[in-house]
Every structure is written in structure tokens, then in C-alpha cells.
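Step one of this worksheet: look at the structure below.
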Amino acid sequence: MRRQPKEDDATVEHDERGTGAVEVQDMLPSYGPDGIKGLFSSGYVFGAACLASLGGFSFGYDQGVISVINVMPQFHAAIPQAKSDFGKGFMTGMLLLGAFVGCIFMPYVADKISRKWALTVVVIIFDVGAIIQTSAQSYGMLVAGRAIGGIGVGTLAMGAPLYISEISPPNLRGTLLVLESICLVSGSVIAYWITFGMRLVNSEASFRVPFGLQMISATLVGVGIHFFPYSPRWLALVDRQEDCLQSLSRLRNLPLRDPKVQAEFNAIVNEVKHQKHMEEQLRPGVTGIKREALIWMDLFNRQTWKRTAVGVGVGQKGEMSLILSGIFNTLQLLTVLVCFLTIDKIGRRPLAILGGFLMGACYIVIAVLMALYGPDWSNPSAGWACVAMAFLYILVYGNTYSPLGWALPSEVFPNALRSKGVALSTCVNWLSNFIVGVVTPAMMANIGYGTYVFFALCCVLAGTWAFFLVPETTGKTLEQIDEVFGNVNKQLDSETTFQASREDRKLDV
């Protein structure tokens, strides 16, 4: 005999007048304050987001490790081929190539087996690559390890913001997505100073230990993520509506019948149902992909000119160059922490616009100083002025484009296409990194200060792009963001939508 559902059962309330499809999309669930105060009321989601963000820590850790290992004599003695410029570049580039390949298959895995299990799979791949790098006895073995590890790095960096965006309440989504950037920069800073200290060890342990330590954070992600629920939007995508409601209730720490939970649940299910029939997703794709290219090209521009400003602009070599690079990384971490406190108060759009133009201004000043005093830098004060502009650039970048590069792409794509859209955006990330890393040295050698003029134009273009084409996503549910892009047809036949919802989610009575 069938039973009547109780209060705690996964039941769904519908608007019997047939207007629910429109009203749900118009309703904005408010789960409390934003920022730090909101995190205290959503501790469960905060814990899940912190754990998933450790995927970004793995990428940052690799960047910090390799930047110091590349100048270690112990490393060059063990792997002589890595001493040449080509050897260093190829070894570094293979991680980016692996990341690019990983992002191609990741969306299919994430859609098939869930965001949680996809993270576990790529953690295994990452750990295999880390083991090979740690034990490498030849250049070929090291390159293979970095390529395999790159698959894990790329997919972890993509999977974390995907999962976070889908579990976060709208009032905290920006703050929680900044965790990815915080962990990325933290990984770079921690790895940099660990490796900086290990360089004093007069044995192969100086570079093998830092290589091996990268497995800790990744393994925590792969194991710990299973203590948290599946993404409710993925559950809706695979027609597990009752599980979707249960997951949403657990994440929001509210009863199943709470009006806010019911409103968000109905919005998710209706949006997924509609998106499965959508054929045209042009505008969000353009915003996510093209803007991602600008953001990540700008990221690697920063990494490239940082080395140039410190090494060439100031004329410092060896120890001082390494120390200044570490200070740059640490400063970026502090600025990202500031953005963690402000992104959901200021909004994405103002940060994107202001950040683009201010970073462009920093590049222009550096270009002018290089044109007047470079390349011999007879005036040391001009060289240090470049370093000052580098610090200013990091202050702007860490508060704007560093977190936005992870937050926006995971917000602008609809549920049915989010994994593929974020993957494509992240692929552009790795491809941009690879291209900029290859062409920047040649640009510096041939056009000098013109390189920074080019970088400035990229930043100004990013700010202009944001001004004209990037809408504000702060405080909106992912389904309401789809409305901003025109992806959700609010004139859906309400009778049809209501009937379809009942058929898909009917319960035993």
C-alpha cells in the first residue's frame, strides 16, 4: 500500500494555477547575508567549497615548485637536459599541454559519473603523474610525468569551480568561487618558499621532496569530496529530482518544504528541462570563452613580465631575483584575500571593468620607463620604479581578474552545458598560457617595451569587453543568470511545464 509523504520526504510543491514556471524564475531565494557573515550560516557549503578548491592549490603548487626547481644546480645535475632554455620550456609546457588534453574529456566524465567522482578520477591521474615526476631518473620520464600530471592539474582546476558554482547559494557564490583563486595563489606561495628552503639541501631530495608533496592536497580532494553531497544541478540533469531536492535541502540547511528551497529546486528543474531542448547557446559561450582568453592571457603576461622586471629591469640576479619573485607571489595572495571579502558586495562587472583599465595603465607606465631607460638601466631608480608598478599591478590583478577568471565562466553557462562550457573556457586558459609562454621571450627580444604596450592593449580590451558585454551576475541564481543571457524562455507554456514536472517528479501516495 502506498503511503502519504511526510514533512521530511522529498516532496515538491507546485503552483496549481500553472504559473509556477514563470514565478519560480522570478523569485530570488535569499539565504541570508553575503560575505563572511553569510559563510557562518552556510558552514556546510563553505566546507565543501574549501575542499573542492584544493584542486586549484595543486595547480598553484606546481607553478611555485617549478619556478625554483628550474634554477637548482642539484636538479640540473640529475636531469642535465632540463638545463637548456629549450629543456626548461618544453618540460614546463608539457604540463600545460596535458592540462589542455584533460579539459577535453573532463566535461563528459563530469556529466556521466558526477562532479564528485570526476574529481576523484582526475586526482588518481594527478597522483600518478606526481609519482613519476618525483622518481624520474631521466628527462623523458620527467616530461611524461608532467604531461600526465598536467591532465590532473587542468581538470582539477576546471572541476572545482564547476562544483562550487552548482552548490553555492546565490548570495555567497562569488565569495566561495574566490576560494579557487585563494587556493591557487596559496599553493604557489607555499610551494615557492618550501622549494626555496629545500634548495639548500645538497642532494636530489632538494627537488624530489617538493615534487612529492603535491600529492597531499590533491588526495585530500579525491577522498574528502565524498563526505559532501552531489551537485543538485547535476542530479537534476540526470533526472534524479528527489535526490536533487534532498541535496539542496542539505546544502541550504533548511527543511525540504521550505519555500526558498522549493523555489530554487523548481527553478533548477525547469531550467534543466528547457536547456535540454536548446540548440543555440551563442552569447554565453562567447562571453565565457573569449573573455576567458583575455583573462588568462593577462595572467601569463603578469608571470612573464614579473620575471623580466625583476631580472632585467632592476638588474638583480640569483638570490635577490628569487626573493623578489616570492614577495610578488605573497602579495598576490593578500590581495586575493581582500577580494574574498568584497566580491559579493562590489559585484563582478565593476571589478572586471576597473581591473582591465587599471592593469593597462600599469603596463603603459612600465613601457614608458623601459623606452626611456632600458635596456641597460643606467638609472637604477627607474628599474625600481618598474618593480613598484609590478606591485601595483599585483594589487589590482589580485583584487579583480585573478578571482574573476575562475568565477565568471562557471556562472554564465546553463546547467545542461555548464561542464562543457567551463571546460572549453579552461582549454582556452591553457592554450593562452602556452602561446604567451612561447611568444613572450621572442617579443621581449625583438620589440622590447612594445611587448608591454601590447599587454596594455590586451588589458584595455578586456575592460572594454566587460563594459559592453559582461552583465552583473552577483546575487542571482544560476537560473536567473540564464535569463540575463536570454537562455530561458519565460513564455514557456505553463500548463505543459506543470504537467511535465508532475510526470517527472510524482510521488507514491
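Counting in our numbering, the sequence shown runs from 1473 upward without gaps. Where is the CB? At the ideal position from N, CA and C, for every residue including glycine. The structure displayed is predicted, hence computed values, not measured ones.
Please classify residue i: does DSSP put it in a helix, a strand, or coil?
| i | result |
| --- | --- |
| Tyr1503 | coil |
| Lys1892 | helix |
| Lys1948 | coil |
| Gln1753 | Because the pLDDT of Gln1753 is 48, which lies under 50, any placement of that residue in the model is unreliable, and the number read from its coordinates should be weighed accordingly. In the structure shown, Gln1753 sits in coil (DSSP, three-state: anything other than H, G, I, E or B). |
| Asn1851 | coil |
| Asp1730 | coil |
| Asn1542 | coil |
| Ala1857 | helix |
| Glu1676 | coil |
| Gln1686 | helix |
| Pro1642 | coil |
| Tyr1845 | helix |
| Phe1885 | coil |
| Gln1804 | helix |
| Tyr1921 | coil |
| Gly1694 | helix |
| Arg1712 | coil |
| Phe1700 | coil |
| Arg1618 | helix |
| Ser1556 | coil |
| Arg1821 | helix |
Does the Cβ-Cβ distance between residue i and residue j come in under 7 Å?
| i | j | result |
| --- | --- | --- |
| Leu1591 | Gly1631 | yes |
| Ala1934 | Gly1819 | no |
| Gly1536 | Ala1663 | yes |
| Thr1807 | Leu1867 | yes |
| Val1932 | Gly1832 | yes |
| Cys1834 | Leu1864 | yes |
| Ser1719 | Pro1704 | yes |
| Phe1512 | Phe1679 | no |
| Arg1821 | Val1733 | no |
| Phe1815 | Val1650 | Before going further, note that residue 1815 is Ile rather than Phe in the sequence given. Their beta carbons are under 7 Å apart, which means Ile1815 touches Val1650 by this criterion. |
| Gly1709 | Phe1737 | The residue asked about is misnamed: residue 1709 is Leu in this sequence, not Gly. For Leu1709 and Phe1737, no; Cβs fall outside 7 Å. |
| Pro1642 | Thr1945 | no |
| Asn1871 | Cys1811 | yes |
| Cys1575 | Cys1899 | yes |
| Ala1739 | Ile1636 | no |
Note down the Cα distance separating residue i from residue j, rounded to an integer number of angstroms.
| i | j | result |
| --- | --- | --- |
| Met1566 | Phe1572 | 10 Å |
| Tyr1503 | Leu1568 | 39 Å |
| Lys1588 | Met1915 | 42 Å |
| Gly1922 | Tyr1516 | 49 Å |
| Gly1947 | Phe1927 | 32 Å |
| Arg1712 | Gly1570 | 33 Å |
| Asp1534 | Ile1541 | 10 Å |
| Glu1883 | Ser1610 | 43 Å |
| Ala1895 | Gln1605 | 26 Å |
| Val1615 | Ala1554 | 10 Å |
| Leu1634 | Phe1800 | 28 Å |
| Leu1707 | His1698 | 15 Å |
| Glu1951 | Phe1577 | 25 Å |
| Lys1892 | Asp1583 | 9 Å |
| Asp1954 | Leu1880 | 13 Å |
| Leu1813 | Ile1508 | 7 Å |
| Val1600 | Leu1692 | 15 Å |
| Ile1538 | Ser1556 | 15 Å |
| Asp1848 | Gly1920 | 12 Å |
| Gly1646 | Met1544 | 39 Å |
| Ile1795 | Gly1510 | 37 Å |
| Leu1823 | Asn1674 | 46 Å |
| Phe1772 | Val1908 | Residue confidence is low: Phe1772 scores 41 on pLDDT, short of 50, so the model does not pin down where it sits. Its coordinate-derived value is still stated next. Looking at the two C-alpha atoms, the distance is approximately 7 Å. |
Once the 5 residues before and after residue i are set aside, which same chain residues still bring their CB inside 6 Å of it?
| i | result |
| --- | --- |
| Gly1689 | In the sequence under discussion, the amino acid at residue 1689 is Ser, which differs from the Gly named in the question. Answer for Ser1689: Leu1526, Phe1529, Ser1530, listed in chain order. |
| Glu1652 | Ser1525, Gly1528, Ala1632, Pro1633, Trp1878 |
| Val1594 | Gly1624, Thr1627, Leu1628 |
| Ile1838 | Cys1858, Met1861, Tyr1924 |
| Gly1694 | Thr1592, Val1595 |
Leaving out the 5 sequence neighbours to the left and right, which residues in its chain are closer than 8 Å to residue i when beta-carbon positions are compared?
| i | result |
| --- | --- |
| Gly1798 | Val1661, Tyr1664, Trp1665, Phe1668 |
| Phe1939 | Ile1825 |
| Leu1844 | Ala1854 |
Might you give, ordered along the chain, the residues of its own chain that have their beta carbon closer than 7 Å to the beta carbon of residue i, omitting 5 neighbours on each side?
| i | result |
| --- | --- |
| Ile1597 | Ile1620, Ile1623, Gly1624 |
| Ser1850 | none |
| Ala1857 | Leu1841 |
Evaluate residue i with the Cβ neighbour count: other Cβ atoms within 10 Å of its Cβ, from every protein chain shown; 16 or more gives buried, anything less gives exposed.
| i | result |
| --- | --- |
| Glu1638 | buried |
| Ala1602 | buried |
| Gly1626 | buried |
| Pro1552 | exposed |
| Val1581 | buried |
| Phe1700 | buried |
| Phe1906 | buried |
| Leu1523 | buried |
| Leu1672 | exposed |
Quick one: does the C-beta of residue i sit closer than 6 Å to a heavy atom of the ligand GDP?
| i | result |
| --- | --- |
| Gln1605 | What this structure holds is no ligand at all, so the ligand GDP is not there to describe. |
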